[in-house]
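Quick note: the sequence shown uses the working numbering, first residue 21, plus one each step.
All C-beta atoms, glycine included, are put in the ideal place defined by N, C-alpha and C.
First comes the structure, then the notes that go with it.
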Amino acid sequence: MKNKDDKIATCVSDVNNGRIILNADDEVFINEVMDFSGQATSSHDDAPDILSEFANRINDVAVTQKVRVTDRRLLGI
């Protein structure tokens, strides 16, 4: 297993290039992610750690059924 710094580094380009979008209202989370500069120098690493875990696992989510869209006019709405 990679060390935490290496694991977190794997999602940097996804965040920087907009493939992962953070909730602008969660300033504490965003600040922890943006302030992270490595385990040795950062006091908080929970947010970047869980973000990298999400980025590494999201592609493992199985799609069990595709969503089908129905014209709402057919439902009388």
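Taken through DSSP and simplified to helix, strand or coil, residue 43 comes out as coil. Cβ neighbours of residue 69 within its own chain (closer than 8 Å, five residues either side excluded): 24, 27 and 28.
Counting other Cβ atoms within 10 Å of its Cβ, residue 53 reaches 16 or more and is therefore classed as buried. The beta-carbon distance between residue 65 and residue 56, rounded to whole angstroms, is 6 Å. This is short enough to meet the 8 Å contact definition. With respect to the C-alpha of residue 43, the residue from 90, 71 and 97 having the closest C-alpha is 71.
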